[in-house]
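Novice:
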Amino acid sequence: VADLQALFPQAKLLRMDNDTTRGKTGHLSILTAFGNKEADILVGTQMIAKGHDFGNVTFVGILDADMSLYIGDYHSVERTFQLVTQVAGRAGRDKIPGRVVLQSYSPKHYVFYFASTYDYEGFYRKEINTREVTEFPPFRKIVRILVLSDTEGEAFDYVKRVLSACRQIANEYPQCISRLQGMRAPISRMDNKFRFQVIMRLTPERQDEICARLYEVAMQYKTPRISVFFEQNPQNMA
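Per the numbering used here, the sequence shown starts with residue 3, numbered consecutively.
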């Protein structure tokens, strides 16, 4: 915000993020002020991307547009496409044409090609083909057993036991279970909890039967001092 103010000293700026919208009416008051042209520039986080119709917006800039591509989640490309098209859609909604500029460290990534032309069908075809080749949903089901513990050793011991039991189940269904792994979660510690996971992919055949067995294993080794989450196609893989 300070840099923008230095570049455009005559412009009036509004900021919209978690700090400026804490009050009950903070969110609405900022949007109302901007809609009433009480400011020239609105700077904010992703919360300004959705559902706002400002006819006087002619320029949109997106910083670190590819940040969500690198979070180790199979939804990441889809979410990046949604975010870029939503934010870009804020510009040029009235009679005056709009312009969109985005910052990216991977400008040749296909997500930006399809987003720049609002090619939803083209993006779908590319993304669904990628998921089929890489064995992600909807072609495979991802099962994750996530454990949280105050102590790293206890979480690690749980994962070792569960992974061993899951391998036995995988041997019974060799054509149905693949990519079975035990590891630290991508965010290995949160809220003073150590986080480990067992993760695998299932073919459509006998999914319900296999999931029931895996759930039994996950609960069998749970102790009162740890938290266990059995997730199917989790929306957040962190």
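The C-beta atom is built at its ideal place from N, Cα and C for all residues, glycine as well. On a predicted model such as this, the values are computed, not experimentally measured, just so you know.
#1: Please classify Arg81: does DSSP put it in a helix, a strand, or coil?
#2: Here's the rule I'm using: 16 or more other beta-carbon atoms within 10 Å means buried, otherwise exposed. How should Asp68 be labelled?
#3: Going by C-alpha to C-alpha distance, which of Asp75, Gln7, Arg17, Ser31 sits closest to Pro236?
#4: Compute the distance between the beta-carbons of Arg163 and Glu233, then report whether it is under 8 Å.
#5: Keeping to the same chain, check which residues put their C-beta closer than 7 Å to that of Ala13; ignore five residues upstream and five downstream.
#6: Going by DSSP in three states, Ser108 sits in which element: helix, strand or coil?
#7: Given a cut-off of 8 Å on the beta-carbon distance, is the pair Ile171 and Ile201 in contact?
#8: Helix or strand or just coil, what does DSSP make of Ala187?
#9: In this structure, what does DSSP give as the bridge partners for Ile201?
#10: If Ser108 sits next to Leu71, beta carbons under 8 Å apart, how far is it from one beta carbon to the other, in whole angstroms?
#11: Can you give the Cα-Cα distance for Gln199 and Leu148, rounded to whole angstroms?
#12: What did DSSP end up calling Ala237 once you bin it into helix, strand or coil?
#13: So Val102 and Ala90 are supposed to be a Cβ contact under 8 Å. How far apart are they, rounded?
#14: Let me know the secondary structure DSSP gives Phe125 once reduced to three states.
#15: Quick one: what does DSSP say Val3 is sitting in, helix, strand or coil?
#16: If we require 4 or more residues per run, which alpha helix (DSSP H) segments fall completely within the region 32-81?
#17: In the DSSP assignment, find the unbroken alpha helix (DSSP H) run with Arg163 in it and report its ends.
Specialist: Reading from the atomic positions:
#1: What you label residue 81 is simply residue 79 of the sequence shown in a count that begins at 1. Helix.
#2: Your numbering for residue 68 matches position 66 in the sequence shown. Asp68 should be labelled buried.
#3: The residue you call residue 236 lines up with position 234 of the sequence shown. Checked all of Asp75, Gln7, Arg17, Ser31; the closest Cα to Pro236 is Asp75.
#4: Taking the sequence shown and counting its residues from 1, one reaches residue 163 at position 161. Taking the sequence shown and counting its residues from 1, one reaches residue 233 at position 231. Not a contact, by the Cβ cut-off of 8 Å.
#5: Mapped onto the sequence shown, residue 13 falls at position 11. Correct list, in chain order: Asp42, Ile43.
#6: Against the sequence shown, residue 108 aligns to sequence position 106. Ser108 carries a coil assignment under DSSP once its states are collapsed to helix, strand and coil.
#7: Counted from its first residue, the sequence shown places residue 171 at position 169. Counted from its first residue, the sequence shown places residue 201 at position 199. No, these two residues do not count as a Cβ contact at 8 Å.
#8: To locate residue 187, count along the sequence shown from 1; it is residue 185. In the structure shown, Ala187 sits in a strand (DSSP, three-state: E or B).
#9: To locate residue 201, count along the sequence shown from 1; it is residue 199. Answer is Arg146, Gln183.
#10: Counting from 1 along the sequence shown, the entry for residue 108 is found at position 106. Counting from 1 along the sequence shown, the entry for residue 71 is found at position 69. So it is a contact: roughly 7 Å between Cβ atoms.
#11: Translated into the one-based positions of the sequence shown, residue 199 becomes position 197. Translated into the one-based positions of the sequence shown, residue 148 becomes position 146. Each residue's alpha carbon lies about 4 Å from the other.
#12: Counting from 1 along the sequence shown, the entry for residue 237 is found at position 235. In the sequence under discussion, the amino acid at residue 237 is Gln, which differs from the Ala named in the question. DSSP places Gln237 in coil when its eight states are reduced to three.
#13: Taking the first residue of the sequence shown as position 1, residue 102 is located at position 100. Taking the first residue of the sequence shown as position 1, residue 90 is located at position 88. Correct: roughly 4 Å between the Cβ atoms.
#14: Looking up residue 125 in the sequence shown gives position 123. Three-state DSSP puts Phe125 in a helix.
#15: For the purposes of this step, residue 3 is taken as residue 1 along the sequence shown, with counting starting at 1. Looking at Val3 - three-state DSSP - the assignment turns out to be coil, as it is neither helix nor strand.
#16: None, since the region 32-81 contains no complete alpha helix (DSSP H) of that length.
#17: The count along the sequence shown starts at 1 and reaches residue 163 at position 161. Counting along the chain, Arg163 sits inside the alpha helix (DSSP H) bounded by residues 154-174.
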